[in-house]
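Data first, discussion second: the structure below is written as structure tokens.
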Amino acid sequence: DFLFGLMISAIATPSQPLVLFLDDLQWADITSISFMKSVLKNSESKCFLFIGSYRNDQSSDGHPFAEFLSDISTRNIPVTKIALDNICRGDVNDLISDVICMPKSQTKSLSDIVYQKTG
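Residues 1269 to 1387 in the numbering used here are what the sequence shown lists, from first letter to last.
Structural data, given as structure tokens:
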């Protein structure tokens, strides 16, 4: 873990900053959380940005990820939290229509399925 922090410091420069994005952190195991703590603690680079996303409703107080959030909030690590609501059915259709370059009227049935599956 320490070596990964050193690697980040070595490769992240002002002309080539490094962004690490990890999704679904509410399902992170102890080893992954330990890795994230180490990276955040050992990376002194100002050219490194860690972005993590998680579902707030799927992380209870005793969960290791909830403890991780509590731990980093007590350290001198700047954290910005952005709360997002679920995307509405119409916006899902707009997104799918744009991505696959088809009219919205033709992507509605696919969008309805995607919306039902992803909530």
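We put the CB at the ideal spot given by N, CA and C, even for glycine.
One or two residues paired with residue i in a DSSP bridge
{"i": "leucine 1290", "result": "Gly1320"}
Endpoints, alpha helix (DSSP H) assigned at residue i
{"i": "serine 1338", "result": "1332–1342"}
{"i": "aspartate 1359", "result": "1357–1368"}
{"i": "lysine 1385", "result": "1372–1386"}
Per-residue burial, residue i [other beta carbons within 10 Å of its own, 16 or more giving buried]
{"i": "phenylalanine 1316", "result": "buried"}
{"i": "threonine 1375", "result": "buried"}
{"i": "serine 1321", "result": "exposed"}
{"i": "alanine 1351", "result": "exposed"}
{"i": "serine 1216", "result": "Examination of residue 1216 is not possible in this model, given that the chain is present from 1269 through 1387 alone."}
{"i": "isoleucine 1298", "result": "exposed"}
{"i": "alanine 1296", "result": "buried"}
Where residue i falls: helix, strand or coil (DSSP)
{"i": "serine 1283", "result": "coil"}
{"i": "alanine 1278", "result": "helix"}
{"i": "leucine 1352", "result": "coil"}
{"i": "isoleucine 1298", "result": "helix"}
{"i": "lysine 1309", "result": "helix"}
{"i": "aspartate 1325", "result": "helix"}
Residue i beta carbon near the ligand ZN (any heavy atom closer than 7 Å)
{"i": "glycine 1320", "result": "Of the ligands one can find in the structure shown there are none, so the ligand ZN has no counterpart to examine."}
Below 8 Å, can you find three or more Cβ-Cβ pairs linking the stretch 1358–1368 to the stretch 1324–1338?
-> The stretch 1358–1368 vs the stretch 1324–1338: no contact.
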